[in-house]
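Peer 1:
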Amino acid sequence: MSATATLPQGGRKPSGHASLRSFLAIDERQGIVAFAQTRPGQLLIYVIALAVVSRYLDHWAAGLAVSAAMAAAALPPLRNAILFTATWTMTLVETGLGDNDFAERIGIVLQQENITEFSAAWLATGFLLLILIGTSGMLVMVRRNPQSLLARRPMLTLLALEAVLCGLTTLDILQGLPRLMLWSLLVTLTPFIWFLPYAIVDQRSKAPSPPLLHLAVLRPFWSPTYLPFGKGAAFLRKSLPKTPDELAVTQLKAVKLLLWSTALLALKTGLTWTFGEQLNIPSVAQTLDAFLQDQPYPIGLSWSALILSTTQFALQIAIWAHLFIGIARLAGYRLPRGSWRPLESRNLMDYFNRFHYYFKELLVDFFFTPTFFKMFRSHPRLRMFFATFMAAAVGNALWHFVRDIDLVARLGLAAALETYASYVFYCVILATGVGLSQIRLNAGIRPSPTLPGKLYSFLCVWSFVVCMHLFSDGSRNHTLGERLSFLASLFGVI
Amino acid sequence: MDIAAKQKLRDFLVESLEKHGDKNPLSDTESIFVSGRLDSFATMNLVMFLEESFGIDFSDFEFDVSLLDSVDAIEAFVESQR
Numbered sequence: 001m002s003a004t005a006t007l008p009q010g011g012r013k014p015s016g017h018a019s020l021r022s023f024l025a026i027d028e029r030q031g032i033v034a035f036a037q038t039r040p041g042q043l044l045i046y047v048i049a050l051a052v053v054s055r056y057l058d059h060w061a062a063g064l065a066v067s068a069a070m071a072a073a074a075l076p077p078l079r080n081a082i083l084f085t086a087t088w089t090m091t092l093v094e095t096g097l098g099d100n101d102f103a104e105r106i107g108i109v110l111q112q113e114n115i116t117e118f119s120a121a122w123l124a125t126g127f128l129l130l131i132l133i134g135t136s137g138m139l140v141m142v143r144r145n146p147q148s149l150l151a152r153r154p155m156l157t158l159l160a161l162e163a164v165l166c167g168l169t170t171l172d173i174l175q176g177l178p179r180l181m182l183w184s185l186l187v188t189l190t191p192f193i194w195f196l197p198y199a200i201v202d203q204r205s206k207a208p209s210p211p212l213l214h215l216a217v218l219r220p221f222w223s224p225t226y227l228p229f230g231k232g233a234a235f236l237r238k239s240l241p242k243t244p245d246e247l248a249v250t251q252l253k254a255v256k257l258l259l260w261s262t263a264l265l266a267l268k269t270g271l272t273w274t275f276g277e278q279l280n281i282p283s284v285a286q287t288l289d290a291f292l293q294d295q296p297y298p299i300g301l302s303w304s305a306l307i308l309s310t311t312q313f314a315l316q317i318a319i320w321a322h323l324f325i326g327i328a329r330l331a332g333y334r335l336p337r338g339s340w341r342p343l344e345s346r347n348l349m350d351y352f353n354r355f356h357y358y359f360k361e362l363l364v365d366f367f368f369t370p371t372f373f374k375m376f377r378s379h380p381r382l383r384m385f386f387a388t389f390m391a392a393a394v395g396n397a398l399w400h401f402v403r404d405i406d407l408v409a410r411l412g413l414a415a416a417l418e419t420y421a422s423y424v425f426y427c428v429i430l431a432t433g434v435g436l437s438q439i440r441l442n443a444g445i446r447p448s449p450t451l452p453g454k455l456y457s458f459l460c461v462w463s464f465v466v467c468m469h470l471f472s473d474g475s476r477n478h479t480l481g482e483r484l485s486f487l488a489s490l491f492g493v494i
Numbered sequence: 495m496d497i498a499a500k501q502k503l504r505d506f507l508v509e510s511l512e513k514h515g516d517k518n519p520l521s522d523t524e525s526i527f528v529s530g531r532l533d534s535f536a537t538m539n540l541v542m543f544l545e546e547s548f549g550i551d552f553s554d555f556e557f558d559v560s561l562l563d564s565v566d567a568i569e570a571f572v573e574s575q576r
């Protein structure tokens with residue numbers, strides 16, 4: 001399709017916005033889709049992707065990620081083997097180099113227990129291999145015993161295991177080497193507990209994915225984080241392209257997403273430089289500290305700090321999500337974006353869907369859905385509200401607490417829980433807002449589609465998000481009461 | 495499923511898609527959930543719609559979204575539950 005073919009019927013010149021969209025729609029032009037399937041086209045995609053990914057990852061990791069993704073797309077019979085090799089090579093090499101937090105977290109207890117015979121990196125590597133072997137065995141066990149507790153309630157079982165391990169490492173009677181070993185198991189297992197349920201659920205299906213693919217997408221090389229970007233093997237298999245054209249379109253979309261990620265990174269850097277460095281807008285922590293020392297910044301400056309911090313956080317989520325999904329798309333997976341136009345959110349429900357898609361999907365798959373099918377089945381509104389609450393409050397709070405499990409060793413369990421009150425408050429308010437929004441939608445109350453209506457929606461949603469950011473910034477240095485007082489001061493109440 | 499019930503189902507799905515900003519046409523064989531056109535929350539709205547309209551009890555079996563992935567798949571699923 002030529003560029004002129006995208007002109008609206010009737011020959012009217014498209015608006016600037018439509019014209020830009022048409023210009024950017026390279027994945028809809030037949031000539032470019034055909035070129036993307038040639039060797040020069042593949043080379044060009046590779047070079048652009050490598051240039052973008054190298055801005056975020058070390059050169060070796062960027063090279064490995066982009067090469068493995070494109071090789072997996074080009075060689076379907078070897079796809080699973082390539083993904084497996086890339087994922088575990090990246091995990092083990094990063095662990096050895098200290099580029100991920102496994103060794104660092106093991107090092108906390110190594111130091112506390114004053115043990116010098118072991119290296120944190122070697123311990124992490126050993127436990128990672130143990131988890132790899134253990135997962136293989138667990139998948140076989142689930143296939144053989146589909147009625148076992150682990151098979152039926154994977155998330156609940158794994159969270160219970162996490163809680164037991166965490167509790168044991170805080171017992172006074174457990175010291176020295178046993179504590180180190182338990183702690184090492186806990187911190188290496190922790191990221192995987194959000195990936196394993198997808199693998200376990202799939203093992204119970206009629207056509208389960210091959211074990212090699214499950215092992216390949218445990219913290220896959222495109223997103224070695226605590227969140228399954230791309231969900232599990234079953235979802236990934238369903239998203240594979242069926243034709244060479246579909247693969248080319250997916251890879252072109254990958255390049256666009258990676259470039260968009262870079263543009264957002266530039267925007268974030270520019271905002272930080274302009275407002276943080278040139279206009280000296282303080283951080284939220286600085287404004288809070290100043291307020292608590294009875295030397296508050298002017299209200300306008302405090303609001304600016306909060307808005308800037310929220311914007312930086314939203315951009316950060318989008319930047320990483322686009323990077324991860326961009327690499328996965330290079331491998332041929334036609335995955336939805338991880339963050340999709342959150343500024344266009346019409347209500348809190350819509351915001352929850354758009355802002356952090358794969359986090360929301362994780363919460364829905366393992367907290368919302370099981371609750372929805374079991375609780376309050378004869379009370380539709382309460383049923384939806386409670387299931388939403390379980391996802392947006394309980395699941396959300398658990399995920400973030402588990403992600404920061406190192407604080408249990410650094411601060412102690414009691415302090416780790418106590419300093420978490422602020423985030424729990426955020427989760428409860430968010431869940432209540434999302435739940436009410438859901439009920440309003442189901443009752444047919446919809447935001448106005450007019451321009452003033454859209455503006456009103458934007459202001460409502462993002463005012464809420466900015467205010468709540470004060471409680472969700474992840475820092476543990478201020479109590480809930482201090483944050484509430486500060487928020488009240490921003491409205492002139494105190 | 496009779497013609498009126500199937501049309502009611504189509505209308506429900508089209509409305510759900512429109513709520514998600516998707517105004518593209520929907521054929522009876524087209525993937526709705528696996529393709530990403532609708533998300534997990536929308537699945538639960540569909541579940542409630544099927545419970546209310548056809549009296550299906552989803553707690554009786556293992557829920558699998560691929561059973562509800564297109565208009566035709568949903569029709570087959572509803573028939574299998576009768």
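Going down the list, the sequences are from chains A and B.
Just so we're aligned, residue 1 is where the first sequence starts under the working numbering, counting upward by one.
Just so we're aligned, residue 495 is where the second sequence starts under the working numbering, counting upward by one.
Positions of the beta carbon are idealized from the N, C-alpha and C atoms, including for glycine.
Is residue 254 of chain A near the ligand GTP - that is, is its Cβ less than 6 angstroms away from at least one heavy atom of it?
Peer 2: The ligand GTP is not among the ligands present in this structure, which contains no ligands whatsoever.
Peer 1: Would you mind telling me which residues of chain A sit closer than 9 angstroms to residue 557 of chain B, beta carbon to beta carbon, in chain order?
Peer 2: Residues of chain A passing the Cβ test: 369 and 373.
Peer 1: Could you tell me the boundaries of the alpha helix (DSSP H) in which residue 469 of chain A lies?
Peer 2: Run containing residue 469 of chain A: 451–472, per the alpha helix (DSSP H) assignment.
Peer 1: Hey, is residue 578 of chain B's beta-carbon within less than 7 angstroms of any beta-carbon in chain A?
Peer 2: Nothing can be reported for residue 578 of chain B: it is not among the residues displayed for chain B, which extend from 495 to 576.
Peer 1: First and last residue of the alpha helix (DSSP H) that includes residue 394 of chain A?
Peer 2: Careful: residue 394 of chain A lies outside any alpha helix (DSSP H) and carries neither H nor E.
Peer 1: Suppose the cutoff is 7 angstroms on Cβ atoms and the five residues either side in sequence are ignored; what does the same chain contact list for residue 458 of chain A look like?
Peer 2: Cβ within range, chain order: 343.
Peer 1: Measuring only the C-alpha atoms, how far is residue 237 of chain A from residue 334 of chain A?
Peer 2: Going by the C-alpha atoms only, they are around 10 angstroms apart.
Peer 1: Quick one: Cα of residue 271 of chain A to Cα of residue 32 of chain A, how far?
Peer 2: So the alpha carbons of these two residues sit roughly 34 angstroms apart.
Peer 1: Can you say whether residue 445 of chain A is buried or exposed, counting buried as having 16 or more other CB atoms within 10 angstroms of its CB?
Peer 2: Exposed, by the Cβ-count rule.
Peer 1: From residue 12 of chain A to residue 18 of chain A, what distance separates their C-alpha atoms?
Peer 2: Low local confidence applies: a pLDDT of 49 at residue 12 of chain A is under 50, so the model's placement there is unreliable, and no value is given.
Peer 1: Would the beta-carbon of residue 510 of chain B fall within 7 angstroms of that of residue 544 of chain B?
Peer 2: For residue 510 of chain B and residue 544 of chain B, no; Cβs fall outside 7 angstroms.
Peer 1: Starting from residue 289 of chain A, follow the alpha helix (DSSP H) in both directions and report where the run begins and ends.
Peer 2: Its alpha helix (DSSP H) spans residues 284–292.
Peer 1: According to DSSP, simplified to helix, strand and coil, what is residue 3 of chain A?
Peer 2: Only weak support is given to the placement of residue 3 of chain A: the predicted model assigns it a pLDDT of 34, under 50, and the value that follows is read from those uncertain coordinates. In this structure, residue 3 of chain A counts as helix in the three-state DSSP scheme.
Peer 1: At the level of alpha carbons, what is the spacing between residue 266 of chain A and residue 220 of chain A?
Peer 2: Taking the straight line from one Cα to the other gives about 26 angstroms.
Peer 1: Quick check on residue 253 of chain A - is its C-beta less than 7 angstroms from some C-beta in chain B?
Peer 2: Taking Cβ atoms only, chain B never reaches closer than 7 angstroms to residue 253 of chain A, which makes this a no.
Peer 1: For the segment 522–537 of chain B, enumerate the residues whose C-beta is nearer than 7 angstroms to any C-beta of chain A, in chain order.
Peer 2: For the segment 522–537 of chain B, which is checked against every Cβ of chain A, the residues closer than 7 angstroms are 528, 530, 533, 534 and 535.
Peer 1: DSSP state of residue 281 of chain A, grouped into three classes?
Peer 2: Coil.
Peer 1: Buried or exposed: where does residue 39 of chain A fall if 16 or more other Cβ atoms within 10 Å of its Cβ makes it buried?
Peer 2: The residue is exposed, with fewer than 16 neighbouring Cβ atoms inside 10 Å.
Peer 1: Thinking C-alpha only, which one of A:360, A:409 and A:216 is nearest residue 516 of chain A?
Peer 2: Because chain A in this structure spans residues 1 to 494, residue 516 of chain A falls outside the shown range and cannot be described.
Peer 1: If we define contact as Cβ-Cβ less than 7 angstroms, is residue 28 of chain A a contact residue for chain B?
Peer 2: No, its Cβ sits nowhere closer than 7 angstroms to a Cβ of chain B.
Peer 1: What is the DSSP secondary structure of residue 375 of chain A, counted as helix, strand or coil?
Peer 2: Residue 375 of chain A: coil per DSSP, three-state reduction.
Peer 1: Helix, strand or coil for residue 495 of chain B? Go by DSSP, reduced to three states.
Peer 2: Here residue 495 of chain B sits in coil by DSSP.
Peer 1: Our contact map puts residue 410 of chain A next to residue 173 of chain A with C-beta atoms below 8 angstroms; I'd like the distance itself, whole angstroms only.
Peer 2: The Cβ separation is near 21 angstroms, so there is no contact.
Peer 1: Helix or strand or just coil, what does DSSP make of residue 243 of chain A?
Peer 2: Correct three-state label for residue 243 of chain A: coil.
Peer 1: Pick helix, strand or coil for residue 571 of chain B, following the three-state DSSP scheme.
Peer 2: Helix at residue 571 of chain B.
Peer 1: Return helix, strand or coil for residue 566 of chain B, following the three-state DSSP convention.
Peer 2: If DSSP states are grouped into helix, strand and coil, residue 566 of chain B belongs with the helices.
Peer 1: For residue 287 of chain A, tell me which candidate among A:429, A:235, A:299 and A:405 has the shortest Cα-Cα distance.
Peer 2: Checking every option, the nearest Cα to that of residue 287 of chain A belongs to A:299.
Peer 1: Check the Cβ of residue 353 of chain A against every Cβ in chain B and list those closer than 7 angstroms, keeping chain order.
Peer 2: Per Cβ cutoff of 7 angstroms: 533 and 535.
Peer 1: What does a CB cutoff of less than 7 angstroms around residue 245 of chain A pick up in its chain, not counting 5 residues either side in sequence?
Peer 2: So the qualifying residues of the chain are 33.
Peer 1: Which stretch, first to last residue, makes up the alpha helix (DSSP H) that contains residue 80 of chain A?
Peer 2: Where residue 80 of chain A is concerned, the enclosing alpha helix (DSSP H) stretches over 79–97.
Peer 1: Would you call residue 375 of chain A buried or exposed, if buried means 16 or more other Cβ atoms sit within 10 Å of its Cβ?
Peer 2: With fewer than 16 Cβ atoms within 10 Å of its Cβ, residue 375 of chain A is classed as exposed.
Peer 1: Determine the closest residue to residue 116 of chain A out of A:180, A:73 and A:419, with distance taken between C-alpha atoms.
Peer 2: Looking at the Cα atoms, A:180 is the closest of the given residues.
Peer 1: Along the segment 114–132 of chain A, where does the CB come closer than 9 angstroms to a CB of chain B? Name the residues.
Peer 2: Answer in chain order: no residues at all.
Peer 1: Does the distance from the CB of residue 552 of chain B to the CB of residue 541 of chain B come in under 7 angstroms?
Peer 2: In this structure, residue 541 of chain B lies closer than 7 angstroms to residue 552 of chain B by Cβ.
Peer 1: Using a C-beta to C-beta distance shorter than 9 angstroms, which residues of chain B count as neighbours of residue 514 of chain A?
Peer 2: Here chain A has residues from 1 to 494 only, and residue 514 of chain A is not among them.
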